[in-house]
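Protein chains in written order, with the working numbering: chain A, 15 to 149; chain B, 3 to 354.
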């Protein structure tokens, strides 16, 4: 019976991706070998990444855009409709003339963006290093 | 095996062209890539029973430094000095011989998949230390070979290797036309303080966990170094930095050398074997090769988006750019960059 358009009775993209990942990893990988096995493992992992993107991707992208707009000193409304890629292009071009302090500010913004994105692709990747290794 | 049977015919034809009669049957497929495919074959006939790896390549690489005949020449040259490179049984660029460029080497048995090598090492501490030493010793040997005796087709830069490399990165970034400001920042870092020039040596170019074969039994350890396609004359620290890049640790950050061992041990073994370790150059090439691989993965992702490949692996590479950008930015943290010339290994390097 219809629930009048409620979306709560339909699995979300995140839930479906989690289920896909599990199916691939636990039911398909164990019964195949060789290059195909590796490929399916990659597929399962991709589903996990997409699941995380579905859950927090918008939030991460919003923060990234805000940080870029702040760094590029653009009023929010004017540049708000620019694609993130365009903002990155602008930043890229601005680096050619940047002085030391400008480069340091750019580094800080890019580092935070990279850290958040890397955590979606590989959770735990940006955790503090476990120990020092003397050369 | 789809696509593998024509390789049998090509191999038989190529040997016949040289007056050697063999029969070939497929034993397995090692890998299929855009630039070459590798198939395992069982041969019999004039050579007796022999297991081989056969690489077949599209014809547009003939005569270039990517040619299989050139690579065979490199393999033969380094083997003559005792380097653990595959033994060449046949190499041809001649379409009359096999229809496609072909390189046949004696197959070496052992573990080639990095995660399997890591598991073997985790179960055997002696293997861990032996393998680290062997990797260092092989590189020291490679870097000691007289450059004059190497194949003339080997790429020899006319300028300082670091400068040539930075220019290559700049060009690649321009051609990619994807905004990667992290790489742009790295290019500035690289241009600011290139390593002091040093004697140029043979450089493998792709020496890493993923291009080695390891026999975990009976104490052997490293048995072969594969994939000499990127070999060139340049800065030897390039090889050491690439071997230790974070991306080749497969999650084993506690063992920075390919997930296998410590840099301290690698360095000690390298120097004991006559290698000259230059710390500043190691840092520089770590940044340079991290930027290079960031671009490499971005290109793979781009090829997928442009419809040049439908490979899932290539698509996934596009996502992994995020990991490499993070590594790159960590390496060029401004407070570290300012303290250049220091001998210490900065914590930020993830070598940690």
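Yeah, the Cβ is synthetic: ideal placement off N, Cα and C, and Gly gets one too.
On a predicted model such as this, the values are computed, not experimentally measured, just so you know.
What would DSSP say about residue i, mapped onto helix, strand or coil?
{"i": "residue 215 of chain B", "result": "strand"}
{"i": "residue 173 of chain B", "result": "helix"}
{"i": "residue 260 of chain B", "result": "coil"}
{"i": "residue 252 of chain B", "result": "coil"}
{"i": "residue 84 of chain A", "result": "helix"}
{"i": "residue 83 of chain B", "result": "coil"}
{"i": "residue 94 of chain B", "result": "strand"}
{"i": "residue 58 of chain B", "result": "strand"}
{"i": "residue 104 of chain B", "result": "strand"}
{"i": "residue 318 of chain B", "result": "helix"}
{"i": "residue 111 of chain B", "result": "coil"}
{"i": "residue 224 of chain B", "result": "strand"}
{"i": "residue 19 of chain B", "result": "helix"}
{"i": "residue 282 of chain B", "result": "helix"}
{"i": "residue 12 of chain B", "result": "helix"}
{"i": "residue 128 of chain A", "result": "helix"}
{"i": "residue 16 of chain A", "result": "With a pLDDT of 48 at residue 16 of chain A, under the threshold of 50, the predicted position of this residue should be treated as unreliable, though the coordinate-derived value follows. Of the three classes helix, strand and coil, the one that applies to residue 16 of chain A here is coil, per DSSP."}
{"i": "residue 209 of chain B", "result": "coil"}
{"i": "residue 45 of chain B", "result": "strand"}
{"i": "residue 367 of chain B", "result": "Nothing can be reported for residue 367 of chain B, as the shown portion of chain B is limited to 3 through 354."}
{"i": "residue 40 of chain B", "result": "strand"}
{"i": "residue 1 of chain B", "result": "The structure shown does not extend to residue 1 of chain B, since chain B is modelled only from 3 to 354, so the question has no answer here."}
{"i": "residue 151 of chain B", "result": "helix"}
{"i": "residue 203 of chain B", "result": "strand"}
{"i": "residue 305 of chain B", "result": "helix"}
Closest by CA to residue i, which one among the options?
{"i": "residue 74 of chain B", "options": "B:154, B:130 and B:53", "result": "B:154"}
{"i": "residue 290 of chain B", "options": "B:262, B:175, B:257 and B:320", "result": "B:175"}
{"i": "residue 148 of chain B", "options": "B:76, B:207 and B:72", "result": "B:76"}
{"i": "residue 323 of chain B", "options": "B:308, B:297, B:314 and B:312", "result": "B:297"}
{"i": "residue 193 of chain B", "options": "B:27, B:286, B:294 and B:54", "result": "B:286"}
{"i": "residue 84 of chain B", "options": "B:123, B:114, B:140 and B:33", "result": "B:140"}
{"i": "residue 102 of chain A", "options": "A:122, A:137, A:114 and A:78", "result": "A:78"}
{"i": "residue 84 of chain A", "options": "A:134, A:116 and A:69", "result": "A:116"}
{"i": "residue 293 of chain B", "options": "B:11, B:170 and B:278", "result": "B:170"}
{"i": "residue 53 of chain A", "options": "A:134, A:104, A:87 and A:38", "result": "A:38"}
{"i": "residue 103 of chain B", "options": "B:181, B:32, B:39 and B:217", "result": "B:39"}
{"i": "residue 288 of chain B", "options": "B:272, B:304 and B:241", "result": "B:241"}
{"i": "residue 91 of chain B", "options": "B:20, B:189 and B:125", "result": "B:20"}
{"i": "residue 71 of chain B", "options": "B:7, B:47 and B:107", "result": "B:107"}
{"i": "residue 163 of chain B", "options": "B:202, B:145, B:130 and B:128", "result": "B:202"}
{"i": "residue 199 of chain B", "options": "B:51, B:81 and B:283", "result": "B:283"}
{"i": "residue 191 of chain B", "options": "A:135, A:109, A:142 and A:134", "result": "A:109"}
{"i": "residue 57 of chain B", "options": "B:210, B:196, B:221 and B:41", "result": "B:41"}
{"i": "residue 117 of chain B", "options": "B:79, B:215 and B:80", "result": "B:215"}
{"i": "residue 127 of chain B", "options": "B:111, B:31, B:218 and B:113", "result": "B:218"}
{"i": "residue 197 of chain B", "options": "B:166, B:115 and B:45", "result": "B:166"}
{"i": "residue 122 of chain B", "options": "B:222, B:229 and B:172", "result": "B:222"}
{"i": "residue 300 of chain B", "options": "B:130, B:259 and B:320", "result": "B:320"}
{"i": "residue 227 of chain B", "options": "B:11, B:68 and B:209", "result": "B:209"}
{"i": "residue 281 of chain B", "options": "B:238, B:114 and B:78", "result": "B:238"}
Here's the rule I'm using: 16 or more other beta-carbon atoms within 10 Å means buried, otherwise exposed. How should residue i be labelled?
{"i": "residue 309 of chain B", "result": "exposed"}
{"i": "residue 23 of chain B", "result": "exposed"}
{"i": "residue 205 of chain B", "result": "buried"}
{"i": "residue 16 of chain B", "result": "buried"}
{"i": "residue 45 of chain A", "result": "exposed"}
{"i": "residue 82 of chain B", "result": "exposed"}
{"i": "residue 177 of chain B", "result": "exposed"}
{"i": "residue 32 of chain A", "result": "buried"}
{"i": "residue 36 of chain A", "result": "exposed"}
{"i": "residue 254 of chain B", "result": "buried"}
{"i": "residue 251 of chain B", "result": "buried"}
{"i": "residue 106 of chain A", "result": "buried"}
Within the 7 Å Cβ cut-off, does residue i reach chain D?
{"i": "residue 336 of chain B", "result": "Here the protein chains are A and B, and chain D is not one of them."}
Residues within the segment 22-45 of chain B neighbouring chain A, beta-carbon criterion of under 9 Å
30, 31, 32, 33 and 34
Taking one C-beta from the segment 145-165 of chain B and one from the segment 231-238 of chain B each time, how about it: are there three or more such pairs within less than 8 Å?
yes
Listed in chain order, which residues of the segment 115-140 of chain A have Cβ atoms closer than 8 Å to some Cβ of chain B?
117, 118, 120, 121, 124, 125, 128, 129, 131, 132, 134, 135, 136, 139 and 140
Does the segment 325-339 of chain B come close enough to the segment 123-142 of chain A that 3 or more CB-CB pairs lie under 8 Å?
yes
Identify each residue in the segment 165-183 of chain B for which the Cβ-Cβ distance to at least one residue of chain A is less than 7 Å, and report them in chain order.
181 and 183
Closer than 7 Å, Cβ to any Cβ of chain B: which residues of the segment 53-85 of chain A, in chain order?
53, 56, 57, 60 and 63
To be precise: take each residue of the segment 297-316 of chain B, compare its Cβ to all Cβ atoms of chain A, and keep it if any distance is under 9 Å. Which residues remain?
313, 314 and 315
With three or more beta-carbon pairs closer than 8 Å as the criterion, would you say the segment 130-139 of chain B touches the segment 258-272 of chain B?
yes
Contact between the segment 236-249 of chain B and the segment 268-278 of chain B: three or more CB pairs below 8 Å?
yes
For the segment 87-113 of chain A, which residues have a beta carbon sitting closer than 7 Å to at least one beta carbon of chain B?
99, 102, 103, 105, 106 and 109
Report the residues of the segment 29-51 of chain A with a CB closer than 8 Å to any CB of chain B, ordered along the chain.
48 and 49
Can you list, in chain order, the residues of the segment 189-210 of chain B whose Cβ is nearer than 8 Å to any Cβ on chain A?
190
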